[in-house]
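Participant: Going by my numbering, the sequence shown opens with residue 41, and the numbers climb by one from there.
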Amino acid sequence: MKFLDKTTILISSILLLSLFIGMVVVNKVEYIAVALLSSIMMGIVSPLIAARRLYFLAAEVSHIALLAAILAIILTNITIVKNEMFWVITIGIAMVYSVGAFINRGIDPDIATSLITTFSVSSSVIAMYFALTRYRTSYSLWSLILGDPLLITRRDLYILLALTLIVVVISISIYKVIIYLGVDRDSAVLTFGNIHIHEFLFFTVLGLTSLILVRIVGYILEHVLLLLPALIAINIVEGGRRIIFTSVCISLTSSLLGFSFAIKLNLAPAGAIGFIALAAYIISIALKRLRMHG
Numbered sequence: 041m042k043f044l045d046k047t048t049i050l051i052s053s054i055l056l057l058s059l060f061i062g063m064v065v066v067n068k069v070e071y072i073a074v075a076l077l078s079s080i081m082m083g084i085v086s087p088l089i090a091a092r093r094l095y096f097l098a099a100e101v102s103h104i105a106l107l108a109a110i111l112a113i114i115l116t117n118i119t120i121v122k123n124e125m126f127w128v129i130t131i132g133i134a135m136v137y138s139v140g141a142f143i144n145r146g147i148d149p150d151i152a153t154s155l156i157t158t159f160s161v162s163s164s165v166i167a168m169y170f171a172l173t174r175y176r177t178s179y180s181l182w183s184l185i186l187g188d189p190l191l192i193t194r195r196d197l198y199i200l201l202a203l204t205l206i207v208v209v210i211s212i213s214i215y216k217v218i219i220y221l222g223v224d225r226d227s228a229v230l231t232f233g234n235i236h237i238h239e240f241l242f243f244t245v246l247g248l249t250s251l252i253l254v255r256i257v258g259y260i261l262e263h264v265l266l267l268l269p270a271l272i273a274i275n276i277v278e279g280g281r282r283i284i285f286t287s288v289c290i291s292l293t294s295s296l297l298g299f300s301f302a303i304k305l306n307l308a309p310a311g312a313i314g315f316i317a318l319a320a321y322i323i324s325i326a327l328k329r330l331r332m333h334g
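1. By the three-class DSSP mapping on this structure, what secondary structure does residue 279 have?
2. According to DSSP, is residue 93 helix, strand or coil?
3. Go to residue 192, then tell me how far its alpha helix (DSSP H) extends in each direction, as first and last residue.
4. Could you give the residue range of the alpha helix (DSSP H) that holds residue 140?
5. For residue 150, does the three-state DSSP call read helix, strand or coil?
6. If you drop the 5 nearest sequence neighbours on each side, which residues of the same chain put their C-beta closer than 6 Å to that of residue 96?
7. Between residue 325 and the rest of its own chain, which residues show a CB-CB distance below 7 Å, the 5 nearest in sequence each way excluded?
8. Please work out which residues of its chain come closer than 7 Å, Cβ to Cβ, to residue 284, disregarding the five sequence neighbours upstream and downstream, and give them in chain order.
9. If we count Cβ pairs, one from each stretch, closer than 8 Å, do we get three or more for the stretch 298-307 versus the stretch 229-240?
10. Here's a check: name, in chain order, each residue in its chain whose Cβ is nearer than 7 Å to the Cβ of residue 77, leaving out the five neighbours to either side.
11. Helix, strand or coil: which one does DSSP assign to residue 46?
12. Can you give me the start and stop residues for the alpha helix (DSSP H) that residue 229 sits inside?
13. On the CB-based measure, 16 or more other CB atoms within 10 Å of its CB, does residue 278 come out buried or exposed?
14. Is the distance from the Cβ of residue 102 to the Cβ of residue 262 below 8 Å?
15. Report back the beta-carbon spacing between residue 66 and residue 72 to the nearest angstrom; my notes put them in contact at under 8 Å.
16. Does DSSP put residue 80 in a helix, in a strand, or in coil?
17. Under a Cβ-count criterion, where at least 16 other Cβ atoms within 10 Å of its own Cβ denotes burial, should residue 141 be classed as buried or exposed?
18. Return the CA-CA distance between residue 47 and residue 298, expressed in angstroms with no decimal places.
19. What whole-angstrom Cβ distance do residue 321 and residue 106 have, given they're in contact under 8 Å?
20. What is the C-beta distance between residue 269 and residue 81, in whole angstroms, given that I count them as a contact (C-beta under 8 Å)?
21. For residue 319, I'd like the list of residues in its chain whose CB is within less than 6 Å of its CB, leaving aside the five on either flank, ordered along the chain.
22. Going along the chain, which residues of its own chain have a beta-carbon closer than 8 Å to the beta-carbon of residue 110, five neighbours each way excluded?
23. Nearest by alpha-carbon distance to residue 337: which of 187, 311, 291 is it?
24. DSSP three-state call for residue 304: helix, strand or coil?
25. Compute the Euclidean distance between the alpha carbons of residue 43 and residue 117, then round it to the nearest angstrom.
26. From residue 156 to residue 209, what does the alpha carbon distance come to, in whole angstroms?
27. Which residue's Cα is closest to the Cα of residue 225: 264, 295, 288, 144?
28. Can you tell me the Cβ-Cβ gap for residue 91 and residue 247, rounded? I've got them flagged as a contact below 8 Å.
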């Protein structure tokens with residue numbers, strides 16, 4: 041327990057240091073706020089993915105977000121609804137729910153995810169080519185892949201804040217049930233009764249997080265920050281609350297340090313953040329071995 045307490049203190053200290061570095065290097069409150077909010081969303085959803093053991097789906101949801109964002113550009117130009125965010129959420133959530141429906145009907149999660157992956161990847165290529173050759177956008181489609189936090193507006197920031205609060209509240213409220221579902225579905229049904237609402241909320245927060253953040257952090261980085269924070273946390277701490285706290289701290293630290301290095305060294309933010317997260321994962325393996333032998 042002392043090791044775990046020391047680990048928590050160490051992680052908190054590193055996070056505060058990262059925040060200080062970010063404030064000094066970035067020197068722009070809006071950009072820091074974007075990094076904080078997006079990291080909190082992915083950091084708190086990551087343990088849900090780990091608890092539910094749906095890593096493959098978490099990787100696929102980024103493909104869904106990319107397709108939804110590209111289709112939103114096309115539909116904004118050809119329909120009377122000119123709000124891209126509406127189309128992104130509508131299309132993306134529908135696809136995420138479809139995967140959830142397949143899984144609930146007894147189809148193997150990997151098979152269901154593979155089918156959706158094939159569809160979304162193929163459709164993304166066709167849709168991107170169509171969008172690039174037919175329409176002009178207010179931002180480069182490459183930002184959907186590489187991410188560009190600098191594109192966010194003040195209005196987008198308020199929306200991101202509201203959605204972050206929603207995701208945090210829902211994630212904390214369903215985490216215990218999701219753990220039971222990941223371990224033994226039958227026991228979860230006996231213990232909690234109707235679990236469909238919890239699964240519905242799980243797929244909702246997973247979809248919302250990926251869909252909202254695809255233009256900010258990019259399709260590539262979503263793979264990293266949806267998967268690694270929880271894996272790192274599981275390596276170094278025990279207990280649901282500690283894992284959630286540590287996962288969020290890891291996500292925040294990776295984003296703040298990566299963003300700072302990216303600005304200072306003129307690097308792609310997604311790449312810098314990814315390398316920071318990878319380094320944290322390697323360190324977590326060493327800490328896990330230390331805990332096992334200490």
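Just so it is clear, CB atoms sit at the ideal spot from N, CA and C, and this is done for glycine as well. Computed from a prediction, not measured in an experiment: that's the story for all the values here.
Facilitator: Put simply:
1. coil
2. coil
3. Per DSSP, residue 192 lies in no alpha helix (DSSP H) and is assigned neither H nor E.
4. 124-144
5. helix
6. 150, 153
7. 275
8. Counting only Cβ-Cβ distances below 7 Å, and skipping sequence neighbours, we find 84, 87, 215.
9. no
10. 200, 201, 204
11. For residue 46, the three-state secondary structure derived from DSSP is helix.
12. 225-232
13. Answer is exposed; the Cβ neighbour count stays below 16.
14. With contacts defined by Cβ atoms closer than 8 Å, residue 102 and residue 262 form a contacting pair.
15. 6 Å
16. Helix, per DSSP.
17. exposed
18. 22 Å
19. So it is not a contact: roughly 24 Å between Cβ atoms.
20. So it is not a contact: roughly 11 Å between Cβ atoms.
21. none
22. 164, 167, 168, 171, 181, 184
23. A query on residue 337 cannot be resolved here, the shown segment of the chain reaching from 41 to 334 and no further.
24. Residue 304 carries a helical assignment under DSSP once its states are collapsed to helix, strand and coil.
25. With a pLDDT of 46 at residue 43, under the threshold of 50, the predicted position of this residue should be treated as unreliable, though the coordinate-derived value follows. Using only the alpha carbons, I get a separation of about 56 Å.
26. 28 Å
27. 144
28. With 8 Å as the limit, residue 91 and residue 247 do not qualify as a contact, their Cβ atoms being about 17 Å apart.
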